[in-house]
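J.: Just so you know, the sequence shown maps onto residues 579 to 1061 in my numbering.
Every residue gets a Cβ at the ideal spot worked out from N, C-alpha and C, and that includes glycine.
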Amino acid sequence: MSLETPGVQTFRPQAFHRQAHDALGNPQIRANFRGAMDGLMGKRREAFADWELERLRELGASVRLRALAQLPTLLERLEANCQANGIRVHWAEDGEAACRLIRELCEARGAKAVIKGKSMVTEEMHLNAHLEAAGIEALESDLGEYLVQLNDQTPSHIIMPAIHLNTDEIADVMHDKTGIPRTRDVDAMTAAARAQLRERFMAADVGITGVNFAVAETGTLCLVENEGNGRMTTTVPPVHIAVTGIEKVVEQLRDVAPLYALLTRSATGQHATTYLNMISGPRKSDEQDGPEEVHLVLVDNGRSAIYQDDELLDTLRCIRCGACMNHCPVYTRVGGHSYGTTYPGPIGSILMPHLMGLEATKDLPTASSLCGACGEVCPVKIPIPDLLTRLRREAVGEGRGNVPGAGSKRTRTEAAAWKAWQWLATHPAAWRGAAGVAGRLGSLTPSRLGPWSDHRVAPKPARHSLHALIKRHRSTTDEEGQS
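1. Exposed or buried, which one is K940 when buried takes at least 16 other CB atoms within 10 Å?
2. Look at L801 and T813 and say whether their C-beta atoms are less than 8 Å apart.
3. Do you know offhand how far A770's Cα is from T745's?
4. Please list, in chain order, all residues of the same chain as D672 whose beta carbon is under 7 Å from its beta carbon, the five residues on each side excluded.
5. Which term fits C949, buried or exposed, when burial requires 16 or more other beta carbons within 10 angstroms of its beta carbon?
6. Quick check on DSSP: helix, strand or coil for I1067?
7. If you draw a straight line from the C-alpha of L631 to the C-alpha of G797, how long is it?
8. Measuring only the C-alpha atoms, how far is P1024 from G979?
9. Just the Cα atoms here: how many angstroms apart are A781 and A691?
10. My output table needs one value for I1048: the three-state DSSP class, helix, strand or coil.
11. For the region 765 to 827, which segments carrying the alpha helix (DSSP H) assignment without a break, of at least 4 residues, lie completely within its bounds, in sequence order?
12. Round the Cβ separation of Y622 and G847 to the nearest angstrom and send it over; I've been treating them as touching at under 8 Å.
13. Which first and last residues belong to the alpha helix (DSSP H) in which I925 is found?
14. Helix, strand or coil, according to DSSP, for A845 in the structure here?
15. Using only alpha-carbon positions, find the residue among A901, L894, H932 and V875 that is nearest to R678.
16. Relative to the C-alpha of L793, which candidate in I857, E624 and G617 has its C-alpha closest?
17. Do you know how far the Cα of T967 is from the Cα of E777?
18. Which residues in the same chain have their Cβ closer than 7 Å to the Cβ of L1044, if we skip the five residues on either side of it in sequence?
19. Pull up the distance between the alpha-carbon of E825 and that of P759, whole angstroms please.
20. For L717, which residues does DSSP report across the bridge?
21. So who's on the other strand from M856, going by DSSP bridges?
22. Between the region 833 to 846 and the region 893 to 902, do at least 3 Cβ pairs fall closer than 8 Å?
23. Taking buried to mean at least 16 other C-beta atoms within 10 Å of its own C-beta, is G617 buried or exposed?
24. Determine the direct distance from the alpha carbon of G859 to that of A662, and round the result to whole angstroms.
25. Quick one: what's got a C-beta closer than 6 Å to L929's C-beta in the same chain, skipping five residues either side?
26. Mind the definition here: the region 640 to 660 touches the region 832 to 841 only if three or more C-beta pairs lie below 8 Å; say whether that holds.
27. Using only alpha-carbon positions, find the residue among R687, K696, A712 and G638 that is nearest to E723.
28. I need the straight-line Cα distance from E954 to I962, nearest angstrom please.
29. Just checking: is the beta-carbon of G603 within a distance shorter than 8 Å of some beta-carbon in chain C?
30. Quick check on DSSP: helix, strand or coil for L874?
31. Leaving out five residues on either side along the sequence, give the residues of the same chain with a beta carbon under 6 Å from the beta carbon of H818.
32. Using the beta-carbon count (16 or more within 10 Å), is P605 buried or exposed?
33. Among all the DSSP beta bridges, which residues are the ones paired with H668?
34. Assign E682 to buried or exposed, taking buried as 16 or more other Cβ atoms, counted over all protein chains shown, within 10 Å of its Cβ.
35. Could you tell me whether the Cβ atoms of G788 and T761 are closer together than 8 Å?
36. Going by C-alpha to C-alpha distance, which of W629, V764 and A614 sits closest to I741?
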């Protein structure tokens, strides 16, 4: 899940230190992020100025925790109510399965062109590259995503994908890639992009979007946006495919209101976005517009494994607002690409080790000063600093060992053991003595020898239901695909 899409500039989490060093030495990157982040922090403060912020954060955290506490049940309720509304629901165990499923849905319609609304989960699973390899053009319609796609880059922020580019750089991209006259007039560039995209909306065979909140009670898919591209993507093409991680479900429609209030103010400092789309099914017989088919793809991709850990499951509370990035002294100086992962910043540093393993991401939990700003501004009160320190322990083998690749950094104890081994190997008398002791301890197993332990804490039985649910529905989806 590192950023390795063909034709796109590649960044790797394993090279975080080098990439961060390069970013720190780039005055343009530092200036772009400093100005953007200062503006976003100020807007957030103003947006919450007249609110009882802590009470709202408590409410938001409670909504997310209540949903996670009954996640398996809510997912099945969501599926039942979506199907009752005419939305076909599909389950994908990982990103590869989700890409294959979406490709098959496109091929079933003979699709040659796809238009996409903003979706981090499709970035996570590299859907565009998968579709293009199958001969299906995938074009981003969010203006920021459109710019980074034109520039052969990946998003550097989960809310504002092109925030690393300034006006002059955007003007160069638009001129070089689309042929419009070079101009610094932001309105003119925006109008040109809209004109180019409008034709593509009309020609697209399939529209693909993410989901901000999926309401189990009503089978409603909520999509938050400012530009109108999400509304076009979900209504103009004959098929709409919504893609979401399984954690995005909420129990009731009324749960959306506090989360929406927190999301918009935390992300962009707005009291409300221009559009809040609420999708409840395909076009009905007496309606004149809307898609003929609506599909919902529920993606696990490691989330059910996160769900097994009582501490780390707090990662799944995230509503993807980006506030932790905007206030992080590391992210604001090195930018999103330095992390080399789909989700950068503090949230990425606690999420990506689950999705990619600690072998590949062991440096990310250390990409923090532990100042606590990320935890203080998180609208749903994820204890990000606590989880960062937990993952630091996991990386050196001192935690529970629940994260894939735990112990990928050698502990001090382990280093001392290897140094002792090296000394013994060069001192024959001491070696013979140690060998005698080892013979008397022959009954000990490796799992009882400290740094070599392969012990893993067993998940609580109550959480097995989510694994079973995903497995059962994955099998069902596979059978449907074969038939």
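T.: In brief:
1. For this step, residue 940 is matched to residue 362 along the sequence shown. Counting C-beta atoms within 10 angstroms of its own C-beta, K940 has 16 or more neighbours from the protein chains shown and is therefore classed as buried.
2. The residue labelled residue 801 in the question sits at position 223 within the sequence shown. The residue labelled residue 813 in the question sits at position 235 within the sequence shown. No, the pair does not count as a contact, with Cβ atoms beyond the cut-off.
3. In the sequence shown, residue 770 corresponds to position 192, counting from 1. In the sequence shown, residue 745 corresponds to position 167, counting from 1. If I take the Cα positions, the gap works out to 15 Å.
4. Here residue 672 corresponds to residue number 94 of the sequence shown, with the count starting at 1. Excluding positions up to five away in sequence, the list reads D878 and N879.
5. If you number the sequence shown from 1, residue 949 lands on position 371. By the neighbour-count criterion, in which a residue is buried when 16 or more other Cβ atoms sit within 10 angstroms of its Cβ, C949 is exposed.
6. For residue 1067 there is no data in the structure shown, the boundaries of the chain being 579 and 1061.
7. Start at 1 with the first residue of the sequence shown, and residue 631 comes out as number 53. Start at 1 with the first residue of the sequence shown, and residue 797 comes out as number 219. Near 29 Å, if we compare the C-alpha coordinates of G797 and L631.
8. Position 446 of the sequence shown, counted from the first residue, corresponds to residue 1024. Position 401 of the sequence shown, counted from the first residue, corresponds to residue 979. With a pLDDT of 27 at P1024, under the threshold of 50, the modelled position of this residue cannot be trusted, and the question is left open.
9. On the sequence shown, residue 781 is found 203 positions in, with the first residue counted as 1. On the sequence shown, residue 691 is found 113 positions in, with the first residue counted as 1. Cα-Cα distance, rounded: 7 Å.
10. Along the sequence shown, one-based indexing puts residue 1048 at 470. Assignment of I1048 by DSSP, reduced to helix, strand and coil, places it in the helix class.
11. Within the region 765 to 827, the complete alpha helix (DSSP H) segments at least 4 residues long are 807 to 813, listed from N- to C-terminus.
12. For the purposes of this step, residue 622 is taken as residue 44 along the sequence shown, with counting starting at 1. For the purposes of this step, residue 847 is taken as residue 269 along the sequence shown, with counting starting at 1. The sequence shown places Arg at residue 622, rather than the Tyr named in the question. 5 Å between Cβ atoms; contact.
13. Walking along the sequence shown from the start, residue 925 turns up at place 347. That run of the alpha helix (DSSP H) goes G923 to M934.
14. As a first step, residue 845 must be located in the sequence shown, where it is residue number 267. Look at A845 here: in three-state DSSP terms it is helix.
15. What you label residue 678 is simply residue 100 of the sequence shown in a count that begins at 1. Of the candidates A901, L894, H932 and V875, the one whose C-alpha sits nearest the C-alpha of R678 is V875.
16. Indexing the sequence shown from 1 puts residue 793 at position 215. Before going further, note that residue 793 is Val rather than Leu in the sequence given. I857 is the residue among I857, E624 and G617 whose C-alpha sits nearest the C-alpha of V793.
17. The sequence position of residue 777 within the sequence shown is 199, counting from 1. The sequence position of residue 967 within the sequence shown is 389, counting from 1. Their Cα atoms are separated by approximately 49 Å.
18. Reading the sequence shown from its first residue, position 466 is the one you call residue 1044. Within its own chain, the residues whose Cβ lies closer than 7 Å to the Cβ of L1044, once the five positions on either side in sequence are excluded, are L649, P650, S882 and Y885, listed in chain order.
19. Here residue 825 corresponds to residue number 247 of the sequence shown, with the count starting at 1. Here residue 759 corresponds to residue number 181 of the sequence shown, with the count starting at 1. Distance between the alpha carbons of E825 and P759 is about 44 Å.
20. The residue you call residue 717 lines up with position 139 of the sequence shown. I693, per the DSSP bridge assignment.
21. Residue numbering aside, residue 856 sits at position 278 when the sequence shown is read from its first letter. For M856, DSSP records a beta bridge to C800.
22. A contact exists between the region 833 to 846 and the region 893 to 902.
23. Position 39 of the sequence shown, counting from 1, holds the residue named residue 617. Around the Cβ of G617, a 10 Å sphere holds fewer than 16 other Cβ atoms; the residue is exposed.
24. Taking the sequence shown and counting its residues from 1, the one referred to as residue 662 is at position 84. Taking the sequence shown and counting its residues from 1, the one referred to as residue 859 is at position 281. If I take the Cα positions, the gap works out to 9 Å.
25. One-based indexing of the sequence shown puts residue 929 at position 351. So the qualifying residues of the chain are T893 and Y921.
26. These segments touch.
27. Residue numbering aside, residue 723 sits at position 145 when the sequence shown is read from its first letter. Sorting R687, K696, A712 and G638 by C-alpha distance to the C-alpha of E723 places K696 at the top.
28. Counted from its first residue, the sequence shown places residue 954 at position 376. Counted from its first residue, the sequence shown places residue 962 at position 384. Straight-line spacing of the CA atoms in E954 and I962 works out to 9 Å.
29. Going by chain labels, chain C is absent from the structure shown, which holds only one protein chain.
30. Here residue 874 refers to the residue found at position 296 when the sequence shown is read from its first residue. Strand.
31. The count along the sequence shown starts at 1 and reaches residue 818 at position 240. Answer for H818: G785, T812, P869 and V872, listed in chain order.
32. As a position in the sequence shown, residue 605 is number 27, starting the count at 1. Burial call: exposed.
33. As a working note, residue 668 is residue 90 in the sequence shown. Answer is V875.
34. Taking the first residue of the sequence shown as position 1, residue 682 is located at position 104. Result: exposed.
35. As a first step, residue 788 is located in the sequence shown; it is residue number 210 there, counting from the start. As a first step, residue 761 is located in the sequence shown; it is residue number 183 there, counting from the start. Judged by their CB atoms, G788 and T761 are not nearer to each other than the 8 Å cut-off.
36. Mapped onto the sequence shown, residue 741 falls at position 163. Nearest of W629, V764 and A614 to I741, Cα basis: A614.
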